[in-house]
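Read top to bottom, the protein sequences are chains A and B.
Residue numbers for the first sequence follow the numbering used here, beginning at 140 and rising by one.
Residue numbers for the second sequence follow the numbering used here, beginning at 251 and rising by one.
Note that the Cβ used here is the ideal one computed from N, Cα and C, for glycine as well.
Quick notes on the structure that follows.
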Amino acid sequence: ENKAGAGGAATSEGMLANFFNSLLNKKSGAP
Amino acid sequence: QQMMSEKAKELFTVCDAEEKGFITKRDMQRLQSQLPLSPDQLEHVFDSLDGDGNGFLTLEEFTDGFGGFLGMRS
Numbered sequence: 140e141n142k143a144g145a146g147g148a149a150t151s152e153g154m155l156a157n158f159f160n161s162l163l164n165k166k167s168g169a170p
Numbered sequence: 251q252q253m254m255s256e257k258a259k260e261l262f263t264v265c266d267a268e269e270k271g272f273i274t275k276r277d278m279q280r281l282q283s284q285l286p287l288s289p290d291q292l293e294h295v296f297d298s299l300d301g302d303g304n305g306f307l308t309l310e311e312f313t314d315g316f317g318g319f320l321g322m323r324s
């Protein structure tokens, strides 16, 4: 399953960015 | 640099809920319900960050990865 689409989020960098962004959002209390 | 380290530590503690001082793949899988990443993606992220591949993600490795992420953004 690959939901990354054409945005390139399937790359390691994209995944790492997604991971850290999500953690930052979680930490800041964003929904 | 100092701010980056502090932020990395904050995020590290989110993953290391039991405050073991390291993160395992199991900790990552636990985050799956809270993060928009699939188990495969979380495993890939873990492997990317686990520089020495010993299955334990230390704060140092995590901070290195976070620094790389900030570098990508800037």
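Query                                                                                                                              : Result
Inter-residue CB distance, residue 154 of chain A and residue 279 of chain B (contact presumed, cutoff 8 Å)                        : The Cβ separation is near 15 Å, so there is no contact.
Residue 294 of chain B, DSSP secondary structure in three states                                                                   : helix
C-beta contact flag for residue 275 of chain B and residue 305 of chain B at 9 Å                                                   : yes
Beta-bridge partners of residue 308 of chain B, as assigned by DSSP                                                                : B/272
Under 8 Å from the C-beta of residue 261 of chain B: neighbouring residues of chain A                                              : 159, 162, 163 and 166
Distance between residue 150 of chain A and residue 284 of chain B (C-alpha atoms, nearest Å)                                      : 21 Å
Three-way DSSP call (helix, strand, coil) for residue 147 of chain A in this model                                                 : Confidence at residue 147 of chain A is low in this model, with a pLDDT of 47, below 50, so the placement of that residue is unreliable and no value is reported for it.
CB contact below 9 Å: residue 272 of chain B versus chain A                                                                        : no
Close-in-space but distant-in-sequence residues of the same chain around residue 161 of chain A (CB under 6 Å, 5 per side omitted) : none
Element boundaries [alpha helix (DSSP H), containing residue 252 of chain B]                                                       : 252 to 265
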